[in-house]
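A.B. asks: Each number in this note's numbering comes from the position in the sequence shown (counting from 1) with 58 added on. Idealized CB from N, CA, C, for every residue including glycine. Quick caveat, the model's predicted, so the values are computed rather than measured.
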Amino acid sequence: IAQRGSGSASARLKDREPNVAADVEPVPLTERQQRGDSRGDGINDNPRSADGQLQLLGEAHVSAEAPAAASPLSREPREVSGVKHSARFLIGGAVRAVGAAAAAASSEAWRQRGGHSSRETRAICEAPAGSQAVASIVNRLVELKRELDTGCADPARLRDLVSVLQARSYQLRPHDAMRGMALAMEGAKQLEGRLTEEQRGLDPTAAEMRVATAFRDAAQAMASSLAAWVGLHGNAVLVADMLAAMSATKTGRQDYLDAGLARLLELLCTKPQDFTPAVLARVVGAIGKMQTEGGTDGLILSAGAGKINRRFVVAFKARLFDKLPEFLEDDFGSLHEAFIASFLSEEEILRLLHRAAELEVGLLPCCADHLGVMQRIRDACLVQHPSLIGTLPSFTRSYCERLACTHPVDG
């Protein structure tokens with residue numbers, strides 16, 4: 059009885075089973091399929107094309123459906139749903155193929171108008187970060203310097219060079235980024251100088267003005283990458299160089315300044331020995347210049363804005379006056395009057411001027427180049443503290459009077 063029951067059940071299942079093989083005509087195999095070649099059937103060998111993508115995705119769909127056919131109880135609904143999914147899949151693939159063709163045509167039209175194709179842009183942005191990439195970007199800097207030295211470089215050629223520098227700004231080493239910032243700002247000024255002020259106002263879309271804008275954008279990208287790296291890994295010398303480069307090129311922003319000062323505060327606590335007189339003077343000069351001349355787009359910058367910055371000023375001044383007896387003439391030449399007048403108290407200014415009087419900075423022939431700096435420091439301190447002269451010792455007062463009476467030597 060059990061055998062008859064199982065046999066009848068098998069017969070009923072067999073009657074319900076559709077004869078799929080009888081309804082579908084066999085497809086002849088190509089020569090490549092007969093050889094067992096897995097690269098395709100010879101219709102389209104390129105897997106990146108639209109046809110190749112449809113073919114590969116269709117094969118993946120069939121392979122995903124294949125294990126489900128092993129169960130005889132679920133064969134019919136699986137095959138019916140498989141036909142629906144296959145149709146939906148082919149329609150979606152056709153839509154994607156049309157979209158890819160339209161995008162390719164648009165990209166080709168953009169490339170013919172002078173822009174970079176998507177493949178060229180991807181090649182620029184995905185350049186390998188290593189010694190080869192560093193050498194390549196340094197060569198671009200050298201080439202840009204050579205083009206700017208001619209004074210009459212083609213704007214299109216300059217645009218190509220600066221576009222690569224902007225795309226690879228995060229691959230630049232810190233000092234290469236500083237060099238690139240200086241070259242970019244020099245290029246912007248040089249191109250703007252080719253047009254008169256009237257021409258710049260009448261035609262702001264001239265080729266020179268567009269390339270000058272590209273130069274400034276590249277300088278900003280390099281300054282951003284420099285601040286990100288130095289703010290995390292830079293030593294005291296490197297942070298001082300970064301602040302000096304940003305002050306010279308006017309590419310600084312308040313967040314870049316904050317990042318640099320936060321890193322200096324950390325180093326003042328962990329490695330105070332790195333803050334030599336030369337480094338201290340360089341930081342004073344850079345901060346003072348950034349506060350006076352501003353940053354990018356004329357932004358006003360301040361080293362006293364924020365709790366972290368104020369903590370930096372306190373720690374920095376303590377180290378500055380610890381090393382003040384070791385200051386030499388060139389160190390005084392790197393100072394800036396804005397920092398001294400803004401952050402030093404009257405007693406601290408007295409100590410600074412006393413050390414300068416001991417060295418006679420700006421009065422001796424060997425340091426006559428620093429006369430202008432010391433005169434500006436004296437004048438700024440008198441504006442900030444009008445009663446300063448009356449509180450100076452006779453030795454320091456005599457030095458300040460001699461500074462006021464001395465005139466710079468031409469040549």
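#1: Since Gly366 and Ala298 are thought to touch, with beta carbons under 8 Å apart, how far apart are those beta carbons, to the nearest angstrom?
#2: With a 10 Å radius around its C-beta and 16 neighbouring C-beta atoms as the bar for buried, classify Gln257 as buried or exposed.
#3: Do the CB positions of Ala303 and Ala240 come within less than 9 Å of each other?
#4: Mind checking whether Pro232 and Leu296 have CB atoms under 9 Å apart?
#5: Since I believe Ala414 is in contact with Phe390 (beta carbons under 8 Å), could you give me their beta-carbon distance rounded to a whole number of angstroms?
#6: Let me know the alpha helix (DSSP H) ranges lying completely inside the segment 378-436, each 4 residues or longer, listed in chain order.
#7: Take Pro213 as the anchor and find which of Val192, Gln248 and Phe370 has the nearest alpha-carbon.
#8: Buried or exposed: which applies to Ile407, given that a residue is buried once 16 or more other Cβ atoms fall within 10 Å of its Cβ?
#9: Are there three or more Cβ pairs, one per stretch, closer than 8 Å when the segment 337-356 is compared with the segment 391-403?
#10: Using the three-state DSSP reduction, which class does His465 fall into: helix, strand or coil?
#11: Considering only residues of the same chain and omitting the five flanking positions on each side of Arg340, which have a CB-CB separation below 7 Å?
#12: Give every residue of the same chain whose Cβ lies closer than 7 Å to the Cβ of Ala270, excluding the five residues on either side of it in the sequence, and list them in chain order.
#13: Please state whether the Cβ-Cβ distance between Arg369 and Leu411 is less than 9 Å.
#14: I'd like to know whether the C-beta atoms of Leu417 and Leu378 end up nearer to each other than 9 Å.
#15: Hey, Ser221 and Ala272 are a contact pair by Cβ (cut 8 Å); roughly how many whole angstroms apart?
#16: Just to check my reading of the structure: Leu421 and Thr454 have Cβ atoms closer than 8 Å, yes? What is that Cβ distance to the nearest angstrom?
#17: Thinking just about the alpha-carbon of each residue, which of Gln349, Pro423 and Leu326 is nearest to the one in Asp380?
#18: With DSSP collapsed to three states, give me the class of Ser452.
#19: Please determine, among Asp316, Ala317, Asp218 and Glu255, the residue with the shortest C-alpha to C-alpha distance to Ala276.
#20: Mark Gly209 as exposed unless 16 or more other C-beta atoms lie within 10 angstroms of its C-beta, in which case mark it buried.
#21: Note down, in chain order, each residue of its chain lying with its Cβ closer than 6 Å to the Cβ of Val192, except the 5 sequence neighbours on either side.
#22: Rounding to the nearest angstrom, what Cα-Cα distance links Leu432 and Asp261 in this structure?
#23: Within its chain, find whatever has a CB closer than 8 Å to the CB of Ser283; leave out the 5 residues flanking it on each side and keep chain order.
#24: Report all residues from its chain with a CB closer than 7 Å to the CB of Leu206; omit the five preceding and five following residues, and keep chain order.
#25: So what does DSSP say about Gly356, is it helix, strand or coil?
#26: So, is Asp316 buried or exposed, given that buried needs 16 or more other C-beta atoms within 10 angstroms?
#27: For Val288, which residues in the same chain have their Cβ closer than 8 Å to its Cβ, ignoring the five residues on either side in sequence?
#28: Grab me the residues of Leu440's own chain with a C-beta within less than 8 Å of its C-beta, minus the 5 sequence neighbours each way, in chain order.
#29: Can you give the Cα-Cα distance for Leu359 and Gly259, rounded to whole angstroms?
#30: Do you know offhand how far Ala11's Cα is from Ser400's?
#31: Take Cys424 and list the residues in its own chain whose beta-carbon comes closer than 8 Å to its own, dropping the five residues that flank it on each side.
#32: Use the C-beta contact count for Ser305: other C-beta atoms within 10 angstroms, 16 or more gives buried, fewer gives exposed.
#33: I need the straight-line Cα distance from Asp355 to Ala438, nearest angstrom please.
#34: Between the Cα of Arg409 and those of Arg434, Leu429, Thr449 and Gln442, spot the shortest distance and give me the residue it belongs to.
C.D. replies: According to the data block:
#1: On the sequence shown, residue 366 is found 308 positions in, with the first residue counted as 1. On the sequence shown, residue 298 is found 240 positions in, with the first residue counted as 1. It should be pointed out that residue 366 corresponds to Ile in this sequence rather than to Gly. Their Cβ separation, rounded to whole angstroms, is 18 Å, which puts Ile366 and Ala298 out of contact at 8 Å.
#2: As a first step, residue 257 must be located in the sequence shown, where it is residue number 199. Classification for Gln257: exposed.
#3: Within the sequence shown, residue 303 is the residue found at index 245, counting from 1. Within the sequence shown, residue 240 is the residue found at index 182, counting from 1. It is a contact, given that the beta carbons lie within the stated cut-off.
#4: The count along the sequence shown starts at 1 and reaches residue 232 at position 174. The count along the sequence shown starts at 1 and reaches residue 296 at position 238. It is a contact, given that the beta carbons lie within the stated cut-off.
#5: Taking the first residue of the sequence shown as position 1, residue 390 is located at position 332. Taking the first residue of the sequence shown as position 1, residue 414 is located at position 356. 6 Å between Cβ atoms; contact.
#6: 387-391, 395-401 and 404-417
#7: Within the sequence shown, residue 213 is the residue found at index 155, counting from 1. Of the candidates Val192, Gln248 and Phe370, the one whose C-alpha sits nearest the C-alpha of Pro213 is Gln248.
#8: The residue given as residue 407 occupies position 349 in the sequence shown. Classification for Ile407: buried.
#9: With a cut-off of 8 Å, the segment 391-403 and the segment 337-356 count as touching, because enough Cβ pairs lie within range.
#10: As a position in the sequence shown, residue 465 is number 407, starting the count at 1. Here His465 sits in coil by DSSP.
#11: Along the sequence shown, one-based indexing puts residue 340 at 282. Only Ala298, Ala302 and Ser392 meet the Cβ criterion.
#12: As a first step, residue 270 is located in the sequence shown; it is residue number 212 there, counting from the start. Once the five neighbours on either side are set aside, the close Cβ partners of Ala270 are Ala246, Leu249 and Glu250.
#13: If you number the sequence shown from 1, residue 369 lands on position 311. If you number the sequence shown from 1, residue 411 lands on position 353. Contact flag unset, no.
#14: Position 359 of the sequence shown, counting from 1, holds the residue named residue 417. Position 320 of the sequence shown, counting from 1, holds the residue named residue 378. No, the pair does not count as a contact, with Cβ atoms beyond the cut-off.
#15: Mapped onto the sequence shown, residue 221 falls at position 163. Mapped onto the sequence shown, residue 272 falls at position 214. Between the beta-carbon of Ser221 and that of Ala272 there is about 7 Å, and that keeps the pair under the 8 Å contact cut.
#16: The residue given as residue 421 occupies position 363 in the sequence shown. The residue given as residue 454 occupies position 396 in the sequence shown. So it is not a contact: roughly 13 Å between Cβ atoms.
#17: Against the sequence shown, residue 380 aligns to sequence position 322. Ranking the options by Cα distance to Asp380, first place goes to Leu326.
#18: What you label residue 452 is simply residue 394 of the sequence shown in a count that begins at 1. It is helical.
#19: Locating residue 276 in the sequence shown gives position 218, counting from the first residue. For Ala276, the nearest C-alpha among the options comes from Asp218.
#20: In the sequence shown, the residue the question calls residue 209 occupies position 151. Gly209 should be labelled exposed.
#21: To locate residue 192, count along the sequence shown from 1; it is residue 134. Closer than 6 Å at Cβ, skipping near neighbours: no residue.
#22: For the purposes of this step, residue 432 is taken as residue 374 along the sequence shown, with counting starting at 1. For the purposes of this step, residue 261 is taken as residue 203 along the sequence shown, with counting starting at 1. It should be noted that the sequence gives Met, not Leu, for residue 432. The straight-line gap from Cα to Cα measures roughly 44 Å.
#23: Numbered from its first residue, the sequence shown carries residue 283 at position 225. These residues qualify, in order along the chain: Ser227, Tyr228, Leu230 and Ala235.
#24: The sequence position of residue 206 within the sequence shown is 148, counting from 1. Cβ neighbours of Leu206 beyond the five flanking positions: Leu241, Glu244, Gly245 and Gln248.
#25: Numbered from 1 along the sequence shown, position 298 holds the residue referred to as residue 356. Correct three-state label for Gly356: helix.
#26: Position 258 of the sequence shown, counting from 1, holds the residue named residue 316. By the neighbour-count rule (16 or more Cβ atoms within 10 Å), Asp316 is buried.
#27: Within the sequence shown, numbered from 1, the residue matching residue 288 stands at position 230. Excluding residues within five positions, the ones whose Cβ falls inside 8 Å are Pro232, Leu296, Val297, Met300, Ala317, Gly318 and Arg321.
#28: Residue mapping note: residue 440 aligns to position 382 of the sequence shown, counting from 1. Leu446 and Ile447, listed in sequence order.
#29: Indexing the sequence shown from 1 puts residue 359 at position 301. Indexing the sequence shown from 1 puts residue 259 at position 201. Straight-line Cα distance between these residues: approximately 29 Å.
#30: Here the chain comprises residues numbered 59 to 469, so residue 11 is not present and cannot be evaluated.
#31: Locating residue 424 in the sequence shown gives position 366, counting from the first residue. Answer for Cys424: Glu387, listed in chain order.
#32: Within the sequence shown, the letter at position 247 stands for residue 305. When all chains shown are included, Ser305 counts as buried.
#33: Residue mapping note: residue 355 aligns to position 297 of the sequence shown, counting from 1. Residue mapping note: residue 438 aligns to position 380 of the sequence shown, counting from 1. Linking Asp355 to Ala438 through their CA atoms gives a straight-line distance of about 26 Å.
#34: Locating residue 409 in the sequence shown gives position 351, counting from the first residue. When each option's Cα is compared against that of Arg409, the closest is Thr449.
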